[in-house]
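Note that my numbering has the sequence shown beginning at 50, numbered continuously upward.
For every residue, glycine included, the Cβ atom is placed at its ideal position computed from N, Cα and C.
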Amino acid sequence: MSAIDTLPPLRDVIATHGLSARKSLGQNFLLDLNLTAKIARQAGDLTQCDVLEIGPGPGGLTRGLLSEGARHVLCIEKDSRCLPALHEIAQAYPGRLTVLEGDALEIDPLAHLTPPIRVAANLPYNVGTELLVRWLTPPAWPPFWQSLTLMFQREVAERIVAAPGSKTYGRLAILAQWRADAQIVLNLPPGAFTPPPKVSSAVVHLSALPEPRFPADAAILSRVVAAAFNQRRKMLRAALKGVAPDIEDHLHAAGIAPTERAEQVPLEAFCALARSLATT
Ligand code: SAM
Numbered sequence: 050m051s052a053i054d055t056l057p058p059l060r061d062v063i064a065t066h067g068l069s070a071r072k073s074l075g076q077n078f079l080l081d082l083n084l085t086a087k088i089a090r091q092a093g094d095l096t097q098c099d100v101l102e103i104g105p106g107p108g109g110l111t112r113g114l115l116s117e118g119a120r121h122v123l124c125i126e127k128d129s130r131c132l133p134a135l136h137e138i139a140q141a142y143p144g145r146l147t148v149l150e151g152d153a154l155e156i157d158p159l160a161h162l163t164p165p166i167r168v169a170a171n172l173p174y175n176v177g178t179e180l181l182v183r184w185l186t187p188p189a190w191p192p193f194w195q196s197l198t199l200m201f202q203r204e205v206a207e208r209i210v211a212a213p214g215s216k217t218y219g220r221l222a223i224l225a226q227w228r229a230d231a232q233i234v235l236n237l238p239p240g241a242f243t244p245p246p247k248v249s250s251a252v253v254h255l256s257a258l259p260e261p262r263f264p265a266d267a268a269i270l271s272r273v274v275a276a277a278f279n280q281r282r283k284m285l286r287a288a289l290k291g292v293a294p295d296i297e298d299h300l301h302a303a304g305i306a307p308t309e310r311a312e313q314v315p316l317e318a319f320c321a322l323a324r325s326l327a328t329t
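Now the structure itself:
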């Protein structure tokens, strides 16, 4: 492992601070600083940006982001045991790292960030998916972030970049591709993590589009797509029965056959359906 900074290797950091991984917090750590620097590079040019990192743990990715030149990194970490290790990193990079202790689902980080802002995280997948959906569905666009560089289980990453007609196409693909360019930029085997998870992982990079690909209200689109894919084997006229009493008329208005199944319907048609529903 080559030195990217003057701090101790992560294995030593973990031993010194007693950071045994906790399953309840989804802790699978990245200890190879070459790998974390590589992930940080996928986030783009960080030198003029603030970076929001969720779930830094012992700080492997944090060190990657800082060594790759991030102007400022704001970390939110739920596990208080990690704070001493993160404070050591803050000392090694004076004025460039701020650490907040708490649940990223509860904390609003915006008061601590100056645009342009990029987001990077290796999070437990359930927290990652919940945050991704929130970051993609604010009422107004563009969002506070320029890009998101996020680690997911490989299967979740595939759902984010999926095309219509594929088995993995669904709510995540539509919400992500509606307002961002999304691609898988790195695949990681379980052995890249300590302890190794059961499944492979992948890093997804999403860049915010200046405006959504097609007009639609975020809340309506979200609701329609959730209902449509909740019963993905059903015809849309049945799957969307609860969304509006005259759903067949709206489907026709959007150019969608009511007998179609959600996984065949492209993003543009879902946006047209959301626009039609907005008029009721
Ligand atoms: N980023 C580190 C790395 O790559 O080695 C740690 C990754 S580990 C998969 C996930 C981290 O997210 C853990 O440090 C865990 O404590 C933290 N975490 C889990 N849930 C969180 C939440 N709701 N808010 C903030 N941090 C959370």
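Please classify residue i: does DSSP put it in a helix, a strand, or coil?
i: residue 64; result: helix
i: residue 50; result: Any answer about residue 50 is weak, because its pLDDT of 45 lies below 50 and its placement is not dependable; what the coordinates show is given next. DSSP places residue 50 in coil when its eight states are reduced to three.
i: residue 263; result: coil
i: residue 317; result: helix
i: residue 272; result: helix
i: residue 195; result: coil
i: residue 99; result: strand
i: residue 73; result: helix
i: residue 250; result: strand
i: residue 215; result: coil
i: residue 231; result: strand
i: residue 329; result: coil
i: residue 189; result: coil
i: residue 323; result: helix
i: residue 120; result: coil
Let me confirm a value: residue i is counted as buried when at least 16 other C-beta atoms fall within 10 Å, else exposed. Which label applies?
i: residue 226; result: buried
i: residue 50; result: Reliability of the predicted coordinates at residue 50 is poor, the pLDDT of 45 falling under 50, and the value obtained from them is presented with this limitation in mind. Residue 50 comes out exposed.
i: residue 140; result: exposed
i: residue 109; result: buried
i: residue 64; result: exposed
i: residue 252; result: buried
i: residue 77; result: buried
i: residue 289; result: buried
i: residue 127; result: buried
i: residue 273; result: buried
i: residue 298; result: exposed
i: residue 99; result: buried
i: residue 208; result: buried
i: residue 143; result: exposed
Taking Cβ positions, are residue i and residue j nearer each other than 8 Å?
i: residue 107; j: residue 148; result: no
i: residue 217; j: residue 91; result: no
i: residue 313; j: residue 213; result: yes
i: residue 6; j: residue 114; result: Outside the displayed range of the chain (50 to 329) lies residue 6, so it cannot be described from this structure.
i: residue 237; j: residue 250; result: yes
i: residue 224; j: residue 185; result: yes
i: residue 167; j: residue 75; result: no
i: residue 84; j: residue 119; result: no
i: residue 15; j: residue 326; result: Residue 15 cannot be examined here, being either before or after the span of the chain that is shown, 50 to 329.
i: residue 68; j: residue 112; result: no
i: residue 146; j: residue 156; result: no
i: residue 264; j: residue 324; result: yes
Any chance the segment 155–162 sits against the segment 107–126, with 3 or more Cβ pairs inside 8 Å? yes
Check whether the segment 277–290 touches the segment 231–251, counting contact only when three or more Cβ pairs, one atom from each stretch, lie closer than 8 Å. no
Does the structure place the segment 301–320 close enough to the segment 200–207 that three or more beta carbon pairs sit under 8 Å? no
Any chance the segment 186–195 sits against the segment 249–266, with 3 or more Cβ pairs inside 8 Å? yes
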